[in-house]
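Chemist:
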Amino acid sequence: MAIERVTVIGAGDMGHGIAELFAVNGFQVTLVDKFPQALEKAQARISSSLDKLVEKGRVTKEQAEDAKSKLVYSADLGSGVSAADLVVEAVPESVDLKKGVLREASASAPSGAIFASNTSNIRISDLAEATDRPQRVVGMHFFNPPMVMKLVEVTPGTKTDPAVAQEVFDLCGKLGRTPVRVLKDSPGFIVNRINAADTLFFCLLLDREVASPSEVDTFARGQGLPMGPYELLDFVGVDVGADSLAYFASALSAEYGKGTTFAKMVKEGRLGKKTGRGFYDWSKGKAEIPKADPTDKVSIMDIFALEINESVKLIEEGVATPDDIEKGVVLGMNRPFGPISVARDLSSAEVEAKLEELSAKYECGVFAPARSIAEGRLRDAIEGRIHPTQGREAPVAESNAAPSTVAQRAIRLERLDGGVAKIVIDRPRLNLINGDVLDGLDGILTDLWNDREIRAIIVTGEGTVFSAGFEMTKFVSSAAGMMEFARKGERTMRRLSEIPKLTIAVLKGYALGGGLELALSCDLRLATEDAELRFPELTRGLVPAWSGTQRLGRLVGLSRASAMILACESVTGSRAHEMGLVNRLLLGGDPDGQAVRYAKELASSEAPVAVMLAKKLLNKGAEVPMDVGLEMEEMAAGVLFGTEDLKEGISAFLGKRKPEFKGK
Ligand SMILES: NC(=O)c1ccc[n+]([C@@H]2O[C@H](COP(=O)([O-])OP(=O)(O)OC[C@H]3O[C@@H](n4cnc5c(N)ncnc54)[C@H](O)[C@@H]3O)[C@@H](O)[C@H]2O)c1
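Structure (structure tokens):
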């Protein structure tokens, strides 16, 4: 049966918009509300919205008139639903109220009519119970305002006929919306489940007096958000946040009941804009936000970690696929990117550490790492390689192959003889550095850090190119994402610069941007004559942010660094050698082979502990006043005095033989 006649029950913020959307798309619509004033207001809102659409040229005058003529307003639910093919319920978010309305509609609607609920959070199966047709009840969650927001979450209840869910899914397309499938009926579906963790976090922040609303909102606006979380809650209604936490506490986990501030505000009538006062004073129609410094007690990573955590739980529970979660957050929360693309650039360990910190600090189980994150399988989860419902692994072959190939494809470690290791960036296009390369490099550095066999490390790229820089992913397409990506890269570069071994970069082909920064973080740089070294960042609206602005000047002086960074001057390997940026030229082919021979030579002739201390003295010494550096130098000499390597060095020198250092 084709859906032609639609009845929307509840003519409030959502109901009037849903009714308008159906009417504009050619459906015959009856809008029902218990209160005649609500119907009058809805009619006026729809009329004014249609006029605006005409003004903006989005619909013609005829289409607007046609939509108006397709709308009927009724205060009588029974007659309002009597001819409906589809009933969309949009009354306030109360289980009992919604059940009552659906029960009443059951009595009068045609037996074949589909019932859809626009509930934000409530399980569809719980609402379906109240009807005479649970197999024809489905969640159809529009976002506010329905005429603008493209997302609709379509949720079947446990008894819903899959054909009915599919029909509603297809219907969304006819309305010009983008539907996502909620695969399992679960409180808050996708977007509001993710949102609930944020809401709880912002409630607990106030409970614990970690920061004030204005400090947090100032911070959030500084991150590029149009409104901070508390201003937004005031705007939507503090009661909406409090009710949703209460519902999650009853339906999902008692841990959601840990926050108290929002419920207290509701008791005091501080609901935000609608009562004139919430976190802020709204008596003049907009929030009076006191001037405040942005808080440093909250980081964007807190929010990313919480949202990634909820996303992973949704995947583990089989509620949604990673793609639909990403789509849902982007379209439903108006974000430039979603938690799945953020997670792609982070390691399990990083997210787990943040979540452990938050769950301990706020004593809240909701923030504890999801199982896959705790097991170090974040990537498997977001790439769909875990079985839903238990969060267990996918078929063995797949899960065995996946985690290592990701890292292997991006970067690999080769242990050579003679105390040398080779780190090779291996990406399909110009060895661009992405999150996988950084994660892989970080892991390799951890592996090598205390490995006494390895004394020198070569950093190179597969093939003829070192690395043409970092790869722009969706994750770095916003200020907040960029900041995190910069931090992650800078931290990895710093670890490379601090590893207590000799590090040698092999510059060939291109060493651009992030690739050049990787080379600057090594102790020595070897290059082919024609290698191209360049910082293109400023021409793309960026700055070198993986320590390039700091390291280059220290290596070649401010004037030359300015030429390369501010004037984007490209230098060849030869020129870089003249400048002192490159320590040796690799002439006559096989740059990697030459570098390995050089590394072996150094590894076999230098005392490892002395290398470690000399590195510290050079790098840290450059950051402290000279007298402090000199003190450090004296102490290093003292430390070396007791080493076996010093004795071996002196004895080999006197005996005119090659020393055999043990690193002790
Ligand atoms: N506002 C949002 O941002 C938003 C977004 C997505 C989903 N939702 C969900 O949509 C639903 C409606 O929310 P809203 O913001 O439009 O609420 P609202 O309060 O603006 O509107 C609800 C309407 O329902 C009417 N109503 C109340 N009892 C009724 C009854 N027994 N019979 C008929 N009409 C009745 C009210 O008069 C009112 O006009 C809720 O389930 C909410 O969770 C809201």
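Following my numbering, the numbering of the sequence shown begins with 5 at its first residue and continues without gaps. A virtual CB, placed ideally from N, CA and C, is assigned to each residue, including glycine.
#1: In chain order, what residues of the same chain have a beta carbon less than 6 Å from the beta carbon of Thr264, not counting five sequence neighbours either side?
#2: Do Thr468 and Asp534 come within 8 Å of each other at the CB atom, strictly closer than that value?
#3: Can you tell which of Ala483, Leu25 and Lys301 has the C-alpha that lies nearest to the C-alpha of Gln67?
#4: Assuming the contact rule is C-beta atoms closer than 8 Å, Ser459 and Ala607 should be a hit. Round their C-beta distance to whole Å, please.
#5: Quick check on DSSP: helix, strand or coil for Val141?
#6: Can you tell me whether Glu93 is helix, strand or coil according to DSSP?
#7: Would Asn196 and Asn125 qualify as a contact pair, given that the criterion is a beta-carbon distance under 8 Å?
#8: What first and last residue would you give for the beta strand (DSSP E) that runs through Glu536?
#9: For Gly545, count the other beta carbons within 10 Å of its own beta carbon; 16 or more makes it buried, fewer makes it exposed. Which is it?
#10: What would DSSP say about Leu350, mapped onto helix, strand or coil?
#11: Have a look at the DSSP bridge pairing and note the partners of Tyr514.
#12: Would you say Pro96 touches ligand 1, meaning its beta carbon is less than 7 Å from a heavy atom?
#13: In its own chain, which residues sit with a C-beta less than 6 Å from the C-beta of Lys188, not counting the 5 before and 5 after it?
#14: Between Met18 and ligand 1, is the CB less than 7 Å from at least one heavy atom?
#15: When the distance is taken between beta carbons, is Lys154 closer than 8 Å to Leu131?
#16: Using the C-alpha atoms, what's the distance from Thr182 back to Leu75?
#17: Could you spell out where the alpha helix (DSSP H) holding Gly670 opens and where it closes?
#18: On the three-state DSSP scale, how would you describe Arg579?
#19: Which whole runs of the beta strand (DSSP E) in the region 29-109 are 3 residues long or more, in chain order?
#20: Would you say Asp37 touches ligand 1, meaning its beta carbon is less than 7 Å from a heavy atom?
#21: So the beta strand (DSSP E) Ala531 belongs to, where does it begin and stop?
#22: For a test of your reading of the model: does the CB of Val195 fall under 7 Å from any non-hydrogen atom of ligand 1? Yes or no.
#23: Can you give me the Cβ contacts of Leu530 inside the same chain, cut-off strictly under 8 Å, excluding the 5 residues immediately before and after it?
#24: Comparing C-alpha positions only, which one of Val316, Asp100, Leu236 and Ser563 sits nearest to Ala378?
#25: For a test of your reading of the model: does the CB of Leu81 fall under 7 Å from any non-hydrogen atom of ligand 1? Yes or no.
#26: At what residue ranges does the region 305-384 contain a whole run of the alpha helix (DSSP H), taking only runs of 4 or more?
#27: Measuring straight from C-alpha to C-alpha, what distance separates Pro504 and Gly276?
#28: Can you tell me whether Glu354 is buried or exposed, with buried defined as 16 or more other CB within 10 angstroms of its CB?
#29: Tell me where the beta strand (DSSP E) around Thr164 begins and ends.
#30: Determine the burial state of Lys492: buried for a count of at least 16 other Cβ atoms within 10 Å of its Cβ, exposed for fewer.
#31: Got a sec: is the Cβ-Cβ distance from Phe474 to anything in chain C below 8 Å?
#32: Rounded to a whole number of angstroms, what is the C-alpha to C-alpha distance between Pro2 and Pro160?
#33: Rounding to the nearest angstrom, what Cα-Cα distance links Asp297 and Gly21 in this structure?
#34: On a CA-only basis, which of Ala134, Asn148 and Pro149 is nearest Val142? Give me that one, please.
#35: Could you tell me whether the Cβ atoms of Val242 and Thr299 are closer together than 8 Å?
#36: Measuring alpha carbon to alpha carbon, tell me which residue in Val152, Ala42 and Lys426 is nearest Arg62.
Modeler: The answer reads as follows:
#1: Asp211
#2: Their beta carbons are not under 8 Å apart, which means Asp534 does not touch Thr468 by this criterion.
#3: Leu25
#4: Looking at the sequence provided, one finds Arg at residue 459 rather than Ser. That pair is a contact at about 4 Å.
#5: strand
#6: strand
#7: yes
#8: Glu536 -> beta strand (DSSP E) spans Glu536 to Arg538.
#9: Gly545 counts as exposed, since fewer than 16 other C-beta atoms from the protein chains shown sit within 10 angstroms of its C-beta.
#10: The DSSP-derived three-state label of Leu350 is coil.
#11: Glu536
#12: For ligand 1, at least one heavy atom lies less than 7 Å from the Cβ of Pro96.
#13: Gly322 and Val323
#14: yes
#15: no
#16: 24 Å
#17: With the chain covering 5 to 668 only, the question about residue 670 has no answer from this structure.
#18: helix
#19: Taking only runs of at least 3 residues, the beta strand (DSSP E) segments lying wholly in the region 29-109 are 32-36, 75-78 and 90-93.
#20: yes
#21: Leu528 to Ala531
#22: In this structure, the C-beta of Val195 stays at least 7 Å away from each heavy atom of ligand 1.
#23: Ile508, Ala509, Val510, Leu511, Val586, Asn587, Arg588, Leu589, Leu590, Pro595, Gln598, Ala599 and Tyr602
#24: Val316
#25: yes
#26: 326-336, 343-348, 352-365 and 375-378
#27: 56 Å
#28: buried
#29: Run containing Thr164: none; DSSP gives neither H nor E here.
#30: buried
#31: Protein chain content of the structure displayed is limited to a single chain, and chain C is not contained in it.
#32: The structure shown does not extend to residue 2, since the chain is modelled only from 5 through 668, so no value can be given for it.
#33: Cα to Cα, Asp297 sits roughly 38 Å from Gly21.
#34: Ala134
#35: no
#36: Val152
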